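Quick notes on the structure that follows.
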Amino acid sequence: MAFTIRFRVWDKQEKEFTQKGFSLTLDGKLLKFGQPISNEDNYIVNCFTGLKDKYDKELYEEDIIEHTVAKGGNLTQHTGIIRYNTEHGAFYLENGPPLLQLFSIRKVGNPYENPILFDLYLKSKS
1 MAFTIRFRVW DKQEKEFTQK GFSLTLDGKL LKFGQPISNE DNYIVNCFTG
51 LKDKYDKELY EEDIIEHTVA KGGNLTQHTG IIRYNTEHGA FYLENGPPLL
101 QLFSIRKVGN PYENPILFDL YLKSKS
């Protein structure tokens with residue numbers, strides 16, 4: 001069975017996501033066009049969760065999403081950030097349930113393309 005790992009790379013200097021020319025070694029080192037990167041701190045790697053939202057947008061680690069929670073016959077909207085849980089080997093909402101247990105997911109954005117959105121999310125948590 002073949003398994004492809006997909007990821008996106010945020011270039012801090014260019015302020016954009018890209019996948020072109022980037023690859024990862026087995027020990028997690030980032031390469032660009034097959035060559036080691038000397039300034040890895042200029043890049044942030046986000047893994048693809050393997051899931052899409054209800055509008056067919058791909059969901060990546062650190063994306064901010066809204067989702068519906070059904071409890072006691074009531075439906076409520078919640079917002080959260082996707083994080084990878086190494087202990088369970090799965091994507092979870094930060095301080096929440098596994099991503100696979102959610103329904104009606106809508107991608108709101110990410111902290112890189114929309115830092116104001118991320119700041120608002122952090123303020124709502126405090």
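Mapping of the sequence shown onto full-length UniProt numbering: position 63 corresponds to residue 63, and the numbering continues sequentially without gaps.
Note that CB positions come from ideal geometry on N, CA and C, so glycine has one too.
Being a predicted model, the structure only gives us computed values, none of them experimental.
> Which parts of the UniProt domain "YopX protein" (7–117) are runs of the beta strand (DSSP E), unbroken and 3 residues or longer, counting only runs that do not cross its ends?
Replying inline: Restricted to the UniProt domain "YopX protein" (7–117), the beta strand (DSSP E) segments that are unbroken, complete and at least 3 residues in length are 7–11, 16–18, 22–24, 30–32, 43–52, 58–60, 64–71, 74–85, 90–93 and 103–109, listed in chain order.
> Should Arg-106 and Glu-66 be called a contact, given that it needs their Cβ atoms to be closer than 7 Å?
Replying inline: Against the sequence shown, residue 106 aligns to sequence position 106. Against the sequence shown, residue 66 aligns to sequence position 66. Taking the C-beta atoms as reference points, Glu-66 is found nearer than 7 Å to Arg-106.
> If we call anything under 7 Å between Cβ atoms a contact, is Gln-13 one with Asn-39?
Replying inline: Residue mapping note: residue 13 aligns to position 13 of the sequence shown, counting from 1. Residue mapping note: residue 39 aligns to position 39 of the sequence shown, counting from 1. For Gln-13 and Asn-39, no; Cβs fall outside 7 Å.
> In whole angstroms, what separates the C-alpha of Gln-35 from that of Asp-27?
Replying inline: Translated into positions along the sequence shown, residue 35 becomes position 35. Translated into positions along the sequence shown, residue 27 becomes position 27. Gln-35 and Asp-27: Cα-Cα distance of roughly 15 Å.
> From Phe-22 to Asp-11, what does the alpha carbon distance come to, in whole angstroms?
Replying inline: Counted from its first residue, the sequence shown places residue 22 at position 22. Counted from its first residue, the sequence shown places residue 11 at position 11. About 11 Å.
>> Among the candidates Glu-87, Leu-75, Tyr-112 and Lys-29, whose CA atom is the shortest distance from the CA of Leu-102?
In response: Start at 1 with the first residue of the sequence shown, and residue 102 comes out as number 102. It is Leu-75.
> Do you know how far the Cα of Tyr-84 is from the Cα of Glu-16?
Replying inline: For the purposes of this step, residue 16 is taken as residue 16 along the sequence shown, with counting starting at 1. For the purposes of this step, residue 84 is taken as residue 84 along the sequence shown, with counting starting at 1. Approximately 22 Å between the Cα atoms of the pair.
>> By alpha-carbon positions, which one of Ile-5, Gly-73 and Phe-91 ends up nearest to Ile-64?
In response: Residue 64 sits at position 64 when you count from the first residue of the sequence shown. Of the listed residues, the one whose Cα sits closest to Ile-64 is Phe-91.
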